[in-house]
DNA sequence: GTAGGGTTAG
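In my numbering, the protein residues as written are 8 to 800.
In structure tokens form, the structure reads like this:
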């Protein structure tokens, strides 16, 4: 039955189930005779006594079994118990045969997240003169990873080398995982590069590390490299790569990876279905996700939680409730994540009834200790207008977090009590960006524009960086005040701080300029159109484009046409895009044709793709090799296997025939540089930056290596040619056009030259930037003056 | 012995 009102979505029986259910007890008291089946510490104690009575307690193998049973129980108490057994045994036997037991303990502490304890056990073991073996290190590294003990991990790496274990694949894989997880992906890559043998775990660890370090693109590229190299991915690899695609919000790429999965015959398990469902939902393909979910035979809690939380995030609360109902029907017991989503549903619906059911469930199952649950409850009660209950939950929280305070403050604001909100804001023990955004937007909503801007200034003075949300409020405040100079400043601030312009911010900016009486400039419209393109808002994009001339009296530049072609092309309006290109008052460039080509590929329009390719070839003939360009287009469209193919062709052709070209992507646009290229619109700034870079790098000890210049010219000329190598241009552009803290990623069609290599190392150090150069041979990760390739490539 | 999914506030 298609329910039209909200209540029938979740049946009363299901609600009753939810209210009455209890999480299964972890303690199964069924008595068993052997250690293997031991389910809790009480049972284990009994067995321990029996074993002691039988006089078996002096056998190392028996004690080892006892200890690993404790480890498997995985509680703090059971590990303390294990430690006591170990101490007793050591006392009787003077360390003989205790290594296995120590390993077991380290593993146990690591597995329950008590990394510090694991490290302590390791140190104790060392102090007793017991040397670790190859099994010790993976456990120990996993402990370091779990508690982000970076310094300790580095030390462990040192010990691994000192003790001669640098050939052990398991240890090296653990090291990759450790480095990748603590943000030292360059070190992870280094370990990977130095490995003589690699297996699928080595690759997967690195891929996953990249994805987690915010380098999802590199992760996917690495995946295709792995496949090309002949290593067969398994289901874990797939989960990592698909989640990288989800992070990129790149549906096409995700589909491609999925295609690979089926073509390789990797068995699809529930975990993979889960990551696929997540990817489809994050990319907005809800129907496909739901179909996959429905087809999944063994739905587990996680896949239900995934689909539910995605629905909740997208405001599709009815759909979320349907999933909950299905979970209950299938006798799956909701856990804290499911309940978190359900509380959020109640909040969005303002349904105090459902909210109370959730609260009851939380109390019955002892889930109120989870910060996020209590925070969600506060938010829910506030949104349902039950302030007192919200406060009760708040006051009962042992560890109030910023989120708790923020929720209370937002609750006051929602109920129109700005002065109480203000008091909370001024008295909260710590505040974050959300706190500031909340109060600033409240002031704007109350028409207290000057105060909002004043607070924004305070925020600046405190060194808190504004984001998109802040700027929407501030732009709107500025618009109401009609303060033109401020409007200009805000616009400059957004540009300078590289705050990404989504549709809301772009609209607010246009609105702000309209109210201040001055024309928004072309850059605002680039942001606006790009935002429309990424959000698939074709109708709005068309209107905005038209309004440029009709309302704002700005004549569109080539970049605006580029945005429109991209917008129309992505949405499948290929003919309209082509018509627009033909009507352009200026000559279309490679970016325009490239966008159309990418769109043709996306929508499988072979004829138009052929046409676009021809036009591109015409343009490319007097510039760089068409293949380099194509390679970049493939790369920007996520066609990594095609990229690899083109690269191989380039290699086969012989590198010298192809001019050196480096490309860098900034804000979704690919900028390509050839050696000595001066065609870039920002060339003035790039040249100034290059001069500065050369000064600083030479001061740091860099001497140009002129042997890299193969031309027959004098020294000075050689030095100039060298200083304008394409990768240097691209890096310089990267430095001036991206934020401090973002890594600079350059793709080069040829092998990087040794001068650029040592140059990049020093730039990474003097400018404190991570630089990634992908040449036709391999990745180079420059960080703090070093490169991952160890100067060998 | 090594690698993988779902988490609140504007």
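For every residue, glycine included, the Cβ atom is placed at its ideal position computed from N, Cα and C.
Could you check whether residue j and residue i sit closer than 8 Å to each other, using their CB atoms as the reference points?
i, j, result
"residue 538", "residue 565", "no"
"residue 449", "residue 425", "yes"
"residue 207", "residue 256", "no"
"residue 348", "residue 372", "no"
"residue 214", "residue 244", "yes"
"residue 394", "residue 422", "yes"
"residue 112", "residue 74", "yes"
"residue 722", "residue 713", "yes"
"residue 464", "residue 489", "no"
"residue 533", "residue 516", "no"
"residue 365", "residue 379", "no"
"residue 741", "residue 671", "yes"
"residue 303", "residue 280", "yes"
"residue 160", "residue 192", "no"
So for residue i, helix, strand or coil by DSSP?
i, result
"residue 676", "strand"
"residue 669", "strand"
"residue 608", "helix"
"residue 61", "coil"
"residue 392", "coil"
"residue 597", "helix"
"residue 327", "helix"
"residue 152", "helix"
"residue 745", "coil"
"residue 194", "helix"
"residue 377", "coil"
"residue 437", "coil"
"residue 410", "helix"
"residue 698", "helix"
"residue 455", "coil"
"residue 106", "helix"
"residue 709", "coil"
"residue 507", "coil"
"residue 580", "coil"
"residue 49", "helix"
"residue 163", "helix"
"residue 734", "helix"
"residue 632", "Unreliable placement is indicated for residue 632, whose pLDDT of 45 sits below 50; no coordinate value is reported for it."
"residue 555", "helix"
"residue 473", "coil"
Under the DSSP definition of a beta bridge, which residues are partnered with residue i?
i, result
"residue 790", "793"
"residue 681", "668"
"residue 755", "669"
"residue 781", "754, 786"
What residue range does the beta strand (DSSP E) around residue i cover?
i, result
"residue 256", "Taken as a continuous stretch (DSSP letters only), residue 256 belongs to no beta strand (DSSP E), as it is neither H nor E."
Which residues bound the alpha helix (DSSP H) around residue i?
i, result
"residue 298", "293-302"
"residue 368", "359-371"
"residue 727", "722-730"
"residue 526", "Per DSSP, residue 526 belongs to no alpha helix (DSSP H) and is neither H nor E."
"residue 226", "223-236"
"residue 343", "343-356"
"residue 203", "No alpha helix (DSSP H) holds residue 203; DSSP gives it neither H nor E."
"residue 305", "First-last for residue 305: undefined, no H or E at that position."
"residue 500", "491-503"
"residue 215", "207-219"
"residue 95", "83-100"
"residue 405", "Run containing residue 405: none; DSSP gives neither H nor E here."
Does residue i pass the burial test, meaning 16 or more other C-beta atoms within 10 Å, or should it be called exposed?
i, result
"residue 95", "exposed"
"residue 752", "buried"
"residue 558", "exposed"
"residue 757", "buried"
"residue 32", "Residue placement at residue 32 is flagged as unreliable, the pLDDT there being 42, under the threshold of 50; the coordinate-derived value follows with that caveat. Exposed, by the Cβ-count rule."
"residue 165", "exposed"
"residue 168", "exposed"
"residue 632", "Low confidence applies to residue 632: its pLDDT is 45, below 50, so where it sits in the model is not reliable, and the reading given next is rough at best. Its Cβ being crowded by 16 or more others within 10 Å, residue 632 is buried."
"residue 77", "buried"
"residue 769", "buried"
"residue 301", "exposed"
"residue 776", "buried"
"residue 706", "exposed"
"residue 51", "buried"
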